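As given, the protein sequences belong to chains F and U, one line each in that order.
Anchor point for the first sequence: position 361 equals 361 in the working numbering, and the numbering is continuous, going up by one each time.
Anchor point for the second sequence: position 183 equals 183 in the working numbering, and the numbering is continuous, going up by one each time.
2 protein chains.
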Amino acid sequence: MTPLDKLVQFLRIPSVSSDPAHAADVRRAAEWVAAELAVLPRVELIEAPGRHPLVYAESLTAPGQPTLLLYGHYDVQPPDPLELWHSPPFEPVIRDNNIYARGACDDKGQTLILLTAVRQLIERDGHLPCNVKVLIEGEEESGGEHITSYVPAHAPELAADAALICDTEMFAPGLPALCVGLRGIVYGEIHVQGPAQDLHSGVYGGVAPNPLMAAAEILTALKNRDGYITIPGFYDAVRAPSPEESRAWASLPFDEEHYRRTEVGASALTGEPGYSVFARTWARPTLEVHGIRGGFTGEGAKTVIPSTAVAKVSFRLVPDQDPAIVVEQIRTAIAAATPRGVTAEFRLLHGAPAASVDPAHPLIAKAAAALTQAFGRETVYIRSGGSIPIVGLFREALGIPSILMGFGLPDDGLHSPNEKFHLPNFHQGIETVKTFLNSL
Amino acid sequence: MTPLDKLVQFLRIPSVSSDPAHAADVRRAAEWVAAELAVLPRVELIEAPGRHPLVYAESLTAPGQPTLLLYGHYDVQPPDPLELWHSPPFEPVIRDNNIYARGACDDKGQTLILLTAVRQLIERDGHLPCNVKVLIEGEEESGGEHITSYVPAHAPELAADAALICDTEMFAPGLPALCVGLRGIVYGEIHVQGPAQDLHSGVYGGVAPNPLMAAAEILTALKNRDGYITIPGFYDAVRAPSPEESRAWASLPFDEEHYRRTEVGASALTGEPGYSVFARTWARPTLEVHGIRGGFTGEGAKTVIPSTAVAKVSFRLVPDQDPAIVVEQIRTAIAAATPRGVTAEFRLLHGAPAASVDPAHPLIAKAAAALTQAFGRETVYIRSGGSIPIVGLFREALGIPSILMGFGLPDDGLHSPNEKFHLPNFHQGIETVKTFLNSL
Numbered sequence: 001m002t003p004l005d006k007l008v009q010f011l012r013i014p015s016v017s018s019d020p021a022h023a024a025d026v027r028r029a030a031e032w033v034a035a036e037l038a039v040l041p042r043v044e045l046i047e048a049p050g051r052h053p054l055v056y057a058e059s060l061t062a063p064g065q066p067t068l069l070l071y072g073h074y075d076v077q078p079p080d081p082l083e084l085w086h087s088p089p090f091e092p093v094i095r096d097n098n099i100y101a102r103g104a105c106d107d108k109g110q111t112l113i114l115l116t117a118v119r120q121l122i123e124r125d126g127h128l129p130c131n132v133k134v135l136i137e138g139e140e141e142s143g144g145e146h147i148t149s150y151v152p153a154h155a156p157e158l159a160a161d162a163a164l165i166c167d168t169e170m171f172a173p174g175l176p177a178l179c180v181g182l183r184g185i186v187y188g189e190i191h192v193q194g195p196a197q198d199l200h201s202g203v204y205g206g207v208a209p210n211p212l213m214a215a216a217e218i219l220t221a222l223k224n225r226d227g228y229i230t231i232p233g234f235y236d237a238v239r240a241p242s243p244e245e246s247r248a249w250a251s252l253p254f255d256e257e258h259y260r261r262t263e264v265g266a267s268a269l270t271g272e273p274g275y276s277v278f279a280r281t282w283a284r285p286t287l288e289v290h291g292i293r294g295g296f297t298g299e300g301a302k303t304v305i306p307s308t309a310v311a312k313v314s315f316r317l318v319p320d321q322d323p324a325i326v327v328e329q330i331r332t333a334i335a336a337a338t339p340r341g342v343t344a345e346f347r348l349l350h351g352a353p354a355a356s357v358d359p360a361h362p363l364i365a366k367a368a369a370a371l372t373q374a375f376g377r378e379t380v381y382i383r384s385g386g387s388i389p390i391v392g393l394f395r396e397a398l399g400i401p402s403i404l405m406g407f408g409l410p411d412d413g414l415h416s417p418n419e420k421f422h423l424p425n426f427h428q429g430i431e432t433v434k435t436f437l438n439s440l
Numbered sequence: 001m002t003p004l005d006k007l008v009q010f011l012r013i014p015s016v017s018s019d020p021a022h023a024a025d026v027r028r029a030a031e032w033v034a035a036e037l038a039v040l041p042r043v044e045l046i047e048a049p050g051r052h053p054l055v056y057a058e059s060l061t062a063p064g065q066p067t068l069l070l071y072g073h074y075d076v077q078p079p080d081p082l083e084l085w086h087s088p089p090f091e092p093v094i095r096d097n098n099i100y101a102r103g104a105c106d107d108k109g110q111t112l113i114l115l116t117a118v119r120q121l122i123e124r125d126g127h128l129p130c131n132v133k134v135l136i137e138g139e140e141e142s143g144g145e146h147i148t149s150y151v152p153a154h155a156p157e158l159a160a161d162a163a164l165i166c167d168t169e170m171f172a173p174g175l176p177a178l179c180v181g182l183r184g185i186v187y188g189e190i191h192v193q194g195p196a197q198d199l200h201s202g203v204y205g206g207v208a209p210n211p212l213m214a215a216a217e218i219l220t221a222l223k224n225r226d227g228y229i230t231i232p233g234f235y236d237a238v239r240a241p242s243p244e245e246s247r248a249w250a251s252l253p254f255d256e257e258h259y260r261r262t263e264v265g266a267s268a269l270t271g272e273p274g275y276s277v278f279a280r281t282w283a284r285p286t287l288e289v290h291g292i293r294g295g296f297t298g299e300g301a302k303t304v305i306p307s308t309a310v311a312k313v314s315f316r317l318v319p320d321q322d323p324a325i326v327v328e329q330i331r332t333a334i335a336a337a338t339p340r341g342v343t344a345e346f347r348l349l350h351g352a353p354a355a356s357v358d359p360a361h362p363l364i365a366k367a368a369a370a371l372t373q374a375f376g377r378e379t380v381y382i383r384s385g386g387s388i389p390i391v392g393l394f395r396e397a398l399g400i401p402s403i404l405m406g407f408g409l410p411d412d413g414l415h416s417p418n419e420k421f422h423l424p425n426f427h428q429g430i431e432t433v434k435t436f437l438n439s440l
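Listed below in structure tokens is the structure:
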């Protein structure tokens with residue numbers, strides 16, 4: 001079976017970790033990963049009640065050599081809205097050197113780069129040139145509670161010199177990048193309770209509080225039209241990027257108009273005036289609303305004032321914002337913004353601080369060299385606006401930096417319909433990881 | 001079969017007119033009504049392509065006597081949210097003299113009052129004491145397009161002295177009421193288009209417009225927290241109630257605190273300061289949001305910036321607001337409120353002006369007398385905050401007033417889970433209508 005055959009097989013498993021209906025698929029994906037890692041001396045599924053399994057494997061046959069902790073995730077985002085997919089999300093198809101499926105890039109394709117590099121080195125040499133510990137989780141898209149409790153509790157067994165994570169992007173096609181900064185996140189729900197039951201908007205419109213309107217009022221009280229978050233104290237801890245980093249970003253090849261048109265596809269970019277696109281997506285915090293539940297959203301006209309509404313929101317955090325403090329600020333601001341006649345409560349789903357890596361770390365230099373060798377272009381140092389909470393966890397619990405060696409492309413459509421992975425990047429990624437491991 | 005047996009049978013038909021999946025049920029309800037009316041000399045289903053049938057029947061055997069146009073509707077609101085029903089919405093159950101089912105009060109129970117009164121008079125006397133034309137529609141809860149085009153096109157055949165409509169409420173248990181005013185409505189959807197596809201909120205949060213947030217910004221720009229609609233010109237045509245009417249409302253038996261607690265069930269009533277509950281629900285226009293579609297509202301955490309969002313909204317109108325002018329005002333205000341990076345469009349689903357009836361009309365006086373006789377208390381004149389577009393249509397197309405003789409109770413839960421109808425009102429309603437027809 002070629003690595004591509006394996007990728008197709010992996011992508012066929014609908015391992016949507018946030019959906020209890022897919023629990024069996026998530027387990028199947030874990031077992032698939034464990035089978036791939038069976039070439040290593042030790043591999044096991046780590047179980048916890050009510051949680052998706054962790055896959056752990058190790059090869060500690062290179063005494064005196066560095067130890068890398070390889071991390072990836074086998075779970076995926078929900079595929080909705082299904083109607084926008086050109087081919088079914090769990091039936092991978094290849095078009096123009098890209099493979100289309102949910103999880104193609106995020107993160108099955110990139111996780112399989114790690115698994116394949118390790119397997120090929122062992123199959124060729126009988127052993128690995130360094131020590132590796134492999135930890136692949138199944139809850140990255142749904143809060144990651146299992147790994148969050150497992151890692152601190154097993155810090156000695158997981159001891160390593162650095163983590164190697166393939167879950168980020170190249171800056172542009174053919175331009176390799178190491179990601180040295182990630183935003184953190186606070187994801188939660190604003191639950192608004194109004195009337196005791198759904199009411200007729202004719203009979204009660206004018207006197208009954210409307211939780212949907214209240215949700216809109218609360219949301220617009222938290223962020224203004226310039227994208228500035230108006231929660232008191234929210235920006236107090238925000239650390240600006242260093243002048244060197246800002247200068248490096250300014251010299252990246254970037255066509256804002258092309259980005260607006262081809263990646264965002266909107267009539268204008270939004271966000272805080274006076275900040276560049278890189279600053280707004282990498283170095284400034286955000287508030288986004290992901291969905292508003294309540295009332296009637298089907299076809300036709302139902303004239304209901306709903307009893308409740310729920311707004312699903314997330315805040316992206318930057319260094320040095322503390323998620324726990326931010327949650328308190330959010331709660332205070334929601335309380336202040338709640339209109340008369342309703343109650344509103346913020347329910348935290350998960351939180352993680354921003355993470356950053358020192359570009360001067362010696363393993364980062366070797367990773368950059370491996371990327372440069374594989375792609376034939378100088379590696380650039382970028383950040384990502386997304387959140388990989390595990391990076392902060394590895395830093396805190398294990399005291400190690402994470403090497404974020406990403407092979408995604410900016411238009412891969414993570415979390416969107418028609419997510420894809422560029423197959424040349426898949427293959428060059430495998431070569432890069434092998435080169436990197438050999439260089440240690 | 002008793003009238004109650006028939007009501008149970010009628011309520012078992014899930015005739016949800018706004019849901020295409022229930023089209024066959026809607027037709028079944030129409031046929032059921034036609035069968036009930038088969039005691040009249042003429043009865044037929046009136047079909048139109050893509051529309052639910054009208055049921056028409058007539059008895060013109062009382063020359064020299066007045067002609068009444070009896071109106072009701074056999075369709076119902078969708079039953080969601082299903083999980084809040086104590087018994088299935090289309091399996092009627094009787095508890096404490098109330099029958100619980102979707103449509104129990106609105107409007108199958110009240111429509112059946114008309115059908116039963118006519119049937120009992122014919123079965124007793126062999127003929128009716130006045131002329132009646134019966135027009136029962138199946139799209140009252142979904143825009144009423146069929147009847148809206150049918151009535152003006154068949155004005156001569158539908159000629160009558162007044163319409164008799166049982167689709168409103170008594171003011172309180174045991175206190176009969178004639179409704180002499182209804183609010184109009186403009187129901188539509190605000191369609192917001194942002195990015196070309198759903199985007200990852202980590203990668204693009206900070207630069208991508210978010211249609212859900214844009215919808216919240218537009219909604220809060222249209223109405224302030226005091227319930228005042230900030231659309232320019234919106235109140236220009238609003239006619240205040242007459243001093244007599246305001247005085248009569250002030251003398252109605254009404255405990256605002258009890259109403260807040262038992263009917264609205266919220267911690268506070270809302271709406272424009274300086275206006276009474278009656279003024280706010282009967283004589284002032286409103287804006288309500290009924291649902292916001294877009295993004296992800298399931299369990300768990302999906303970090304999506306959706307490509308589109310749709311807010312379902314309605315405006316209740318009062319005399320003398322013109323729906324066509326209001327729609328233009330809404331469109332202008334939405335254009336002005338639309339934030340950068342998105343487009344927003346108001347799609348009208350349906351509209352109808354407010355309607356009012358002259359309490360001095362002689363047929364109104366006879367209707368009040370029939371009510372007073374059946375319930376043993378003086379009939380009061382009230383308005384309703386809801387919209388019965390047919391009243392305006394009968395006024396415009398046929399030049400006749402509508403007698404709004406309602407037997408619902410304020411806590412009947414129209415459009416809500418656990419809708420009910422108070423069975424004594426069902427039986428007294430039948431007696432009232434018979435008394436009224438005999439009095440003409």
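Just so it is clear, CB atoms sit at the ideal spot from N, CA and C, and this is done for glycine as well.
Just so you know, these numbers come straight off a predicted model, no measurement behind them.
Using the Cα positions of residue i and residue j, report the straight-line distance between them to the nearest angstrom.
{"i": "residue 180 of chain U", "j": "residue 403 of chain U", "result": "8 Å"}
{"i": "residue 57 of chain F", "j": "residue 183 of chain F", "result": "28 Å"}
{"i": "residue 325 of chain F", "j": "residue 63 of chain F", "result": "43 Å"}
{"i": "residue 147 of chain F", "j": "residue 331 of chain F", "result": "27 Å"}
{"i": "residue 279 of chain U", "j": "residue 378 of chain U", "result": "22 Å"}
{"i": "residue 292 of chain U", "j": "residue 298 of chain U", "result": "14 Å"}
{"i": "residue 107 of chain F", "j": "residue 8 of chain F", "result": "13 Å"}
{"i": "residue 71 of chain F", "j": "residue 111 of chain F", "result": "8 Å"}
{"i": "residue 360 of chain F", "j": "residue 242 of chain F", "result": "14 Å"}
{"i": "residue 376 of chain U", "j": "residue 367 of chain U", "result": "14 Å"}
Going by DSSP, what residue range makes up the alpha helix (DSSP H) through residue i?
{"i": "residue 149 of chain F", "result": "145-153"}
{"i": "residue 202 of chain U", "result": "201-204"}
{"i": "residue 23 of chain F", "result": "23-36"}
Taking the alpha carbon of residue i as the reference point, which residue from the options has its own alpha carbon closest?
{"i": "residue 319 of chain F", "options": "F:257, F:379 and F:387", "result": "F:387"}
{"i": "residue 252 of chain F", "options": "F:176, F:191 and F:199", "result": "F:176"}
{"i": "residue 201 of chain F", "options": "F:192, F:185 and F:307", "result": "F:307"}
{"i": "residue 208 of chain F", "options": "U:354, U:118, U:414 and U:265", "result": "U:265"}
{"i": "residue 32 of chain U", "options": "U:188, U:347, U:15 and U:309", "result": "U:15"}
Determine, using beta carbons only, whether residue i and residue j come nearer to each other than 7 Å.
{"i": "residue 219 of chain U", "j": "residue 134 of chain U", "result": "no"}
{"i": "residue 421 of chain U", "j": "residue 104 of chain U", "result": "yes"}
{"i": "residue 79 of chain F", "j": "residue 102 of chain F", "result": "yes"}
{"i": "residue 295 of chain F", "j": "residue 304 of chain F", "result": "yes"}
{"i": "residue 214 of chain F", "j": "residue 339 of chain F", "result": "yes"}
{"i": "residue 489 of chain U", "j": "residue 323 of chain U", "result": "Residue 489 of chain U is absent from the model: chain U starts at 1 and stops at 440."}
{"i": "residue 53 of chain F", "j": "residue 24 of chain F", "result": "no"}
{"i": "residue 160 of chain F", "j": "residue 364 of chain F", "result": "no"}
{"i": "residue 194 of chain U", "j": "residue 227 of chain U", "result": "no"}
{"i": "residue 124 of chain U", "j": "residue 39 of chain U", "result": "no"}
Under 8 Å Cβ-Cβ, which residues of chain U neighbour residue i?
{"i": "residue 123 of chain F", "result": "The premise fails here: residue 123 of chain F is roughly 35 Å from chain U at the closest Cβ pair, so nothing lies under 8 Å."}
{"i": "residue 296 of chain F", "result": "78, 80, 290, 291 and 312"}
{"i": "residue 187 of chain F", "result": "301 and 303"}
Please list, in chain order, the chain F residues whose beta carbon lies closer than 8 Å to that of residue i.
{"i": "residue 198 of chain U", "result": "81, 84, 415, 416 and 417"}
Would you mind telling me which residues of chain U sit closer than 9 Å to residue i, beta carbon to beta carbon, in chain order?
{"i": "residue 393 of chain F", "result": "Chain U residues near residue 393 of chain F: none, gap ~17 Å exceeds 9 Å."}
{"i": "residue 382 of chain F", "result": "Result: empty, since nearest Cβ-Cβ is about 12 Å, beyond 9 Å."}
Quick check on the DSSP output: the beta strand (DSSP E) that includes residue i runs from which residue to which?
{"i": "residue 420 of chain U", "result": "420-422"}
{"i": "residue 44 of chain U", "result": "42-46"}
{"i": "residue 187 of chain U", "result": "184-193"}
Kindly list, in the order they appear in chain F, the residues whose Cβ is closer than 7 Å to that of residue i.
{"i": "residue 425 of chain U", "result": "Under the 7 Å cutoff, chain F gives no residues; its nearest Cβ is about 17 Å from residue 425 of chain U."}
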